[in-house]
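Worksheet: one structure, shown below.
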Amino acid sequence: MHPDILTPAQSALMPLVKSFSQDFGLVGGTAIALHLGHRRSIDFDLFSSKEFDNAKVGKKISRRETIDRVFRDENGQFTLSIHDIRFTFFHYPYPIEYAEYFDGTCRLPDLVTLAAMKAFALGRRAKWKDYVDLYFILKLHHGIQCVADKAKQVFGNEFNARIFREQLGYFHDIDYSEEVIFMKGHEVDDAVIKKGLTEFSLAP
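Numbering (full-length UniProt numbering), first residue to last: 1 to 204.
Right, here's the structure in full:
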């Protein structure tokens, strides 16, 4: 794991993350960055297969920290910021196994499961940081068929491998609003990433 991808503010909030570790697992860009060490990720996405009460989550947080702002408070999702760090608590009704542990503080899925989750999300949003994460995973760790097979296992018929491959090589309408901050030694040009993803999308 690569704890250096966390900012000091994030590291200071890890005890809070730990307090939710029984019911929530860490996913998304921060979990992937902890596995790979390739970029900063300045938020915490905490997913649970169980339904939860937003008010109880908020009360538990308030016993430890001050909530700066609430962005979304609806059934199945509670998004807020603490010291400018965004937290999203999300009900995720899919069979995700949180098989890895980071520093005794939180559970997270293995890398291929995280890649499968990104692949599944790609059709619902087009954020550049997701393409960056998939580039590093596909280049250095898991082939596209492996990721597609895992996504099919987790999401069943809701996942379409052909559409995923098409999306991987389609770069129109991408949201670049969140800057990708590479860790030293991991910098890659956008053009190189796009070329690589296009090649991966065509791989057997």
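Cβ atoms here follow ideal geometry from the backbone N, Cα and C, with glycine treated the same way. Model, not experiment: these values are computed from the prediction.
Rounded to the nearest angstrom, how far is the Cβ of residue i from that of residue j, given a contact under 8 Å?
i: residue 131; j: residue 193; result: 7 Å
i: residue 164; j: residue 111; result: With a Cβ gap of about 17 Å, residue 164 and residue 111 do not count as contacting.
Shortest alpha-carbon distance to residue i belongs to which of the options?
i: residue 179; options: 77, 201, 82, 190; result: 190
i: residue 187; options: 38, 158, 119; result: 38
i: residue 8; options: 153, 166, 154, 40; result: 40
i: residue 175; options: 119, 105, 30, 126; result: 126
i: residue 15; options: 198, 63, 203, 90; result: 63
What's the call for residue i, buried or exposed, on a 16-neighbour Cβ count within 10 Å?
i: residue 133; result: buried
i: residue 32; result: buried
i: residue 98; result: buried
Within the present structure, is the beta-carbon of residue i separated from the nearest heavy atom of the ligand COA by less than 7 Å?
i: residue 136; result: The ligand content of the structure shown is nil, which means the ligand COA is not present either.
Is the beta carbon of residue i sitting closer than 8 Å to the one on residue j?
i: residue 47; j: residue 27; result: yes
i: residue 107; j: residue 21; result: yes
i: residue 115; j: residue 96; result: no
i: residue 144; j: residue 200; result: yes
i: residue 52; j: residue 23; result: yes
i: residue 85; j: residue 13; result: yes
i: residue 68; j: residue 83; result: yes
Going by DSSP, what residues sit across from residue i in a beta bridge?
i: residue 106; result: 102
i: residue 70; result: 80
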